[in-house]
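As numbered in the numbering used here, the sequence shown has no gaps in its residue numbers, which increase by one up to the final residue, 198.
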Amino acid sequence: MAVKRLFIGTFVDYTLFEPLYGEIVDELGEVVFGKWTEINNLHFTYKFLGNIEIDKIDSIVESLGDTLGLKESPLKIRGLGCFPTPNNPRIVYARLFNPDNSIKQNYEIIEKKMTALGFAPEVKYFVPHVTLMRVKSSLTGFADKLKTYNNMPIGLMPSYKINLVESSLTNKGPIYNIIA
């Protein structure tokens, strides 16, 4: 049976990053090495679903219901960080702040609905973030260089949209297609 690789996520307004992204890539690229996310693919993920049989997609969309779609709640993007630690970075990310905590509330709703459909519950604590880079290696100066971006203002989105997204992996990177 045919499958699609799916996740539930929100694309961020990449134009907020345009004035800064080249500088971030150039500056951090001197001390950290890996795969940078294409600017037009910047997003954050609520839940990665994996390879899903096509005939099960409608039940996922139905279960998510009005959790999908536009949310009239601001998202502030400010500062960079990394997982798990600056001395051992694997992910470089931009921090997300949401004054009314709707991101966290929507995450909990999505998690509950997907667990009810048989998806495994997440074991990691949910930290809203936009992945900028998947790190392969870093130099000793990375932690200090990252600190210079700790509070850098990136921008504000007045609203955001939750989507079910197909991720097709290619040699040139992922191609995303919004399913719902």
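Where a beta carbon is used, it is the ideal one built from N, C-alpha and C, also for glycine.
Less than 7 Å between C-beta atoms, sequence neighbours within five positions excluded: which residues of the same chain meet that for PHE160? Once the five neighbours on either side are set aside, the close Cβ partners of PHE160 are VAL49, VAL50, PRO104, PRO107.
According to the Cβ coordinates, are PHE11 and LYS179 closer than 9 Å? Only positions 19 to 198 of the chain appear in the structure, and residue 11 is not among them; the question remains open.
Spatial distance of ILE70 from PHE137 (CA atoms): 11 Å
Terminal residues of the continuous alpha helix (DSSP H) containing GLU80? 75-82
Identify which residue in ASN195, MET170, PRO192, ASN181 has its Cα closest to the Cα of PRO37. MET170
Those runs of the beta strand (DSSP E) which lie wholly inside the segment 146-196 and span at least 3 residues: 147-156, 171-175, 178-188, 191-196, all fully within the segment 146-196.
Could you check if PRO176 is buried or exposed, using at least 16 other CB atoms within 10 Å of its CB as the buried criterion? By the neighbour-count rule (16 or more Cβ atoms within 10 Å), PRO176 is not buried but exposed.
Once you ignore the five residues that flank ARG23 on each side, which residues in its own chain have a CB closer than 6 Å to its CB? ASN69, SER185
What does the alpha-carbon distance come out to for the pair THR188 and PHE62? In a straight line, the C-alpha of THR188 is about 20 Å away from that of PHE62.
Leaving out the 5 sequence neighbours to the left and right, which residues in its chain are closer than 8 Å to ILE127 when beta-carbon positions are compared? THR85
Where DSSP assigns a beta bridge to PHE35, which residues make up the other side? Beta-bridge annotation (DSSP): PHE35 is not paired with any residue.
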